[in-house]
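There are 2 protein chains.
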Amino acid sequence: MRYERDNIKGMQAYVSGEQPEDKQAIKLNTNENPYPPAPEIQQVIANFDVEALRRYPPASADKFRDLAASLHAVERNNIIATRGGDELLRLLITTFVNPGETIAMTDPTYSLYPVLAQIQDCPVVMVPLNEDWSLPHNFARQVNEANCKLALLVNPHAPSGKLLSTDTLASIASELDCVLLIDEAYVDFIDVEYDSIPLIVEQDNIVVLRTLSKGYSLAGLRFGYGIGAESLIAPMLEKTRDSYNLDLLCQLIAEVAISSRDHAMENCRKVIVQRNILRESLLQLGFDCDASQANFVLATIPAGFGCSAQQLYEELRNRGIYIRYFPDPKLRNKVRISIGLPEENEKLIDSIKSLQRVRGK
Amino acid sequence: MRYERDNIKGMQAYVSGEQPEDKQAIKLNTNENPYPPAPEIQQVIANFDVEALRRYPPASADKFRDLAASLHAVERNNIIATRGGDELLRLLITTFVNPGETIAMTDPTYSLYPVLAQIQDCPVVMVPLNEDWSLPHNFARQVNEANCKLALLVNPHAPSGKLLSTDTLASIASELDCVLLIDEAYVDFIDVEYDSIPLIVEQDNIVVLRTLSKGYSLAGLRFGYGIGAESLIAPMLEKTRDSYNLDLLCQLIAEVAISSRDHAMENCRKVIVQRNILRESLLQLGFDCDASQANFVLATIPAGFGCSAQQLYEELRNRGIYIRYFPDPKLRNKVRISIGLPEENEKLIDSIKSLQRVRGK
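As you go down the protein sequences, you meet chains U and A in turn. The opening residue of the first sequence carries number 1 in the working numbering; numbering runs sequentially from there. The opening residue of the second sequence carries number 362 in the working numbering; numbering runs sequentially from there.
So, in structure tokens, the structure goes:
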């Protein structure tokens, strides 16, 4: 007998990027940071006494919340610490959206969003982006007309790397009748002026998502946080969150990581430099590749390249280089490439060149 | 404006036992293990290279699942690793119970259960236990008649420490029309014959919950797991679980902990010895105190003691000794005391004696 709810039985699971066993693989497929996390973290771990694990951890990660509040010039009660950004996304849905109510997102977007909506048995409104990945000017009206309870925007956008301005976000939020999540997983790689945090003070319907996975080189830690009006944060923090959602050791590491933000930002600057070099190389090879504000680029296979995006993904995979291909119709002739170390990016470009010679002749 | 769902707006948050800042406090209130975790864990942490945190962790904790499968003589696909037992409880509800469908539990039980039901907007059927904390013989029939989709039993029972036999569980599971969760958070403190794991092979509707929080002295780690038929485990593992729910470091620690099970079991034997000594002392002081199979005892304040259970809790708290008091009507004249170190238990008894002299005269 199968006991699952119908929506669970019928749903497709989320598919994350491949994690190859081979330690020599060049991994440019899951937007991990190629540079190591802050050395201070090694020290925290070295000094950690396991006896401390005997007791329950601080329930709400208040030390981390204070550090994050200070960084963003908000109050502790504007911050919730979560198990990666993913837990925050789930909490937004289970706290603010009843089963059967609608969730808005763009098409395309982070492919986890529709999966989380389906777990809560919520229909989804997908607002198609314009050709240049910009948001249709009537996005908020479309969301309101569909009576959505939550709108999810990833900014910089995934998988294009396109950035919405703070002004655009402010205008969307003020027009929306529902909660707006601004998923800033990639915010640390922005090299233009951008700061959405003041919006959470002006607007009571915005939650900003941050994560230590990308900018802080800590994807393995599973630590993120949300910033928003206390009226939005409190029910997630006090009611819908699993009590003790964050273990003691990850809290200590996250505290040191955010305190060593300068190290992380230095890494991000290196990634930005590499992003521009990689994009130039791809353009020279005839790929279409918009400027990106994230730690990846989205590249369109040139006409006459001799193989499809999926074939390019597979050929590179055979050579031990992992990039990301999405079967989505809007992305069928594109691949997403995470920014790696200089030598990794060069090997990628060399491999594409050699493929081009073989296939494109 | 408040955006929460009505069920979230109206619900009471879960209240966990107090975590005092004072490191000198005698903490007998949250069923933590008084003995330290396996020394091998310190070694794993000492050897850990933070660079490994740069990448996403193994998504399903397969190494841990293999170790747990081997320990319990089941297959990897019978195991799901979770962020404490709490995550497993949540997954059972979001996977198998639609909002509006009913969840069964006993009265009293682990006080988190009704909170989790309310987050999913599920009504609850509370089946009252008999006077001696035993289960009414028609428990399964009551659950079926209420058309429940999930029944939650904590065994050994919290907060009484009473154990249901494997035979009783087998007969309940075979009669039930729904999924049965057997929450074995305290299983490592049982000193009579008991093994429910073979039931998950015979029955396709049982999930057994285990945690490293109690028996393994790792409450601070937030690591638990579920054991059940593959048809029950798979949808939680592949669909409703947050992808990457467990960070790399906690996976490594959990692997070592379960591999060092002998150390944990030696600790548990010491707790059992202390449990019996503490119970004897309480009986001598006139408390009613049933034999417990968990790492706590439930003690009833004697008539003429001179103060209520709540007052006892508060008086002890003033002396830096933390025990647990529940405002539940069925538990109003009782306190739950976690088993501490020998000297902690002695201080507790001495404090109760001195209170008795002052108040009871």
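Beta carbons are placed, not taken as given, at the ideal position from N, Cα and C, and that holds for glycine.
Range covered by the beta strand (DSSP E) that runs through residue i
i        : result
U:Asp183 : 179 to 183
U:Pro128 : 124 to 128
A:Cys509 : 509 to 515
A:Leu568 : According to the sequence provided, residue 568 of chain A is Val. The question's Leu does not apply to it. Here the beta strand (DSSP E) through A:Val568 covers 567 to 572.
Straight-line gap, residue i to residue j (C-alpha atoms, nearest Å)
i        : j        : result
A:Ala430 : A:Asn439 : 7 Å
U:Tyr194 : U:Val187 : 9 Å
A:Pro661 : U:Asp247 : Per the sequence shown, residue 661 of chain A should be read as Thr rather than Pro. Distance between the alpha carbons of A:Thr661 and U:Asp247 is about 34 Å.
A:Glu676 : A:Ile698 : 14 Å
U:Trp133 : A:Leu525 : 60 Å
U:Pro172 : A:Ala413 : In the sequence as displayed, the identity of residue 172 of chain U is Ile instead of Pro. Each residue's Cα considered, the two are about 39 Å apart.
U:Ile34  : U:Ser260 : Ile is not the amino acid found at residue 34 of chain U; the sequence shown has Pro there. If I take the Cα positions, the gap works out to 17 Å.
A:Gln724 : A:Asn694 : Not covered by the structure: residue 724 of chain A. The range shown for chain A is 362 to 722.
A:Ala531 : A:Val562 : 11 Å
U:Glu40  : U:Leu218 : 13 Å
A:Asp565 : A:Leu593 : 8 Å
U:Asp62  : A:Glu393 : 21 Å
A:Asn505 : A:Leu542 : 15 Å
A:Arg571 : U:Phe48  : 26 Å
A:Lys708 : A:His518 : 26 Å
U:Asn267 : A:Ser557 : 51 Å
A:Pro484 : A:Arg366 : 16 Å
U:Lys270 : U:Pro36  : 12 Å
Proximal residues to residue i (C-beta, below 6 Å), its chain only, five neighbours per side dropped
i        : result
A:Lys722 : Caution applies to A:Lys722, whose pLDDT of 47 falls short of 50 and renders its modelled position unreliable; the model cannot decide the point.
U:Arg279 : Cys289, Val297
A:Gln404 : none
A:Pro520 : Leu659, Arg697
U:Tyr113 : Met105, Leu152
A:Val476 : Tyr375
U:Val358 : none
A:Ala670 : Ile662, Tyr686, Asn694, Lys695, Val696
U:Ala146 : Thr102, Val125
Alpha helix (DSSP H) segment containing residue i, residue limits
i        : result
A:Ile406 : 401 to 407
A:Thr661 : From DSSP, A:Thr661 is part of no alpha helix (DSSP H) but of the beta strand (DSSP E) over 657 to 661.
U:Ala254 : 248 to 259
A:Arg426 : 423 to 433
A:Tyr474 : 473 to 480
U:Lys9   : 6 to 10
U:Leu199 : 197 to 202
U:Phe139 : 139 to 145
A:Ile533 : 527 to 536
Chain-order list of residues whose beta-carbon lies under 8 Å from that of residue i (same chain, five-residue window excluded)
i        : result
A:Tyr674 : Ile684, Arg685, Tyr686, Val696
U:Pro136 : Val127, Pro128, Leu129, Asn130, Gln142
U:Lys9   : Arg2
U:Tyr244 : Tyr56, Pro57, Ala59
U:Arg65  : Arg76, Ile79, Ile80, Ala81, Tyr225
A:Leu646 : Pro663, Ile710, Ile713, Lys714, Gln717
A:Ser377 : Thr391
A:Ala319 : Beyond the ends of chain A as shown, which are 362 and 722, falls residue 319 of chain A; an answer cannot be given.
A:Ala652 : Gly522, Arg640
Residue(s) in a DSSP beta bridge with residue i
i        : result
U:Ser338 : U:Phe296
U:Ile26  : U:Ile321
U:Met236 : The partner list for U:Met236 (beta bridge, DSSP) is empty, contrary to what the question assumes.
A:Ile464 : A:Val485, A:Leu511
U:Ile80  : U:Gly226
A:Asp649 : A:Thr661
Same chain only: Cβ atoms within 7 Å of residue i, ignoring 5 sequence neighbours per side
i        : result
U:Thr240 : Leu91, Thr94, Thr95
A:Asp567 : Looking at the sequence shown, residue 567 of chain A is not Asp but Ile. Same-chain partners within the cutoff: Ala534, Leu541, Ile543, Leu560, Ile561, Gly589.
U:Gln274 : Ile339, Pro342, Asn345
U:Lys214 : Asn31, Asn33, Ala185, Tyr186, Asp188, Asn295
U:Pro99  : Gln120, Asp121, Cys122
Cβ-based contacts, 9 Å cut-off: residues of the stretch 410 to 434 of chain A near chain U: So the list reads Asp410, Val411, Glu412, Ala413, Leu414, Arg415, Arg416, Tyr417, Pro418, Pro419, Ala420, given in the order they occur along the chain.
Where the stretch 594 to 617 of chain A meets chain U: residues whose CB sits under 8 Å from a CB there: So the close ones are Pro596, Glu599, Lys600, Thr601, Asp603, Ser604, Tyr605, Asn606, Leu607, Asp608, Leu609, Leu610, Cys611, Ile614.
Residues in the stretch 535 to 550 of chain A having any Cβ partner in chain U nearer than 8 Å: Cβ contacts with chain U come from Cys539, Val540.
Residues of the stretch 20 to 35 of chain U whose Cβ lies closer than 9 Å to any Cβ of chain A, in chain order: Taking 9 Å as the Cβ-Cβ cut-off against chain A, the residues of the stretch 20 to 35 of chain U that qualify are Lys27, Thr30, Glu32, Asn33, Pro34, Tyr35.
Where the stretch 85 to 110 of chain U meets chain A: residues whose CB sits under 8 Å from a CB there: The residues in question are Asp86, Glu87, Arg90, Thr94, Thr95, Phe96, Val97, Asn98, Pro99.
Near-chain A residues of the stretch 129 to 151 of chain U - C-beta to any C-beta below 8 Å: With the criterion set as a beta carbon lying under 8 Å from some beta carbon of chain A, the members of the stretch 129 to 151 of chain U are Lys149, in sequence order.
Residues, ordered as in the chain, of the stretch 283 to 311 of chain U that lie near chain A by beta-carbon distance below 8 Å: For the stretch 283 to 311 of chain U, which is checked against every Cβ of chain A, not one residue is closer than 8 Å.
Contacting positions in the stretch 6 to 18 of chain U - beta carbon closer than 7 Å to chain A: Cβ contacts with chain A come from Ile8, Met11, Ala13, Tyr14, Ser16.
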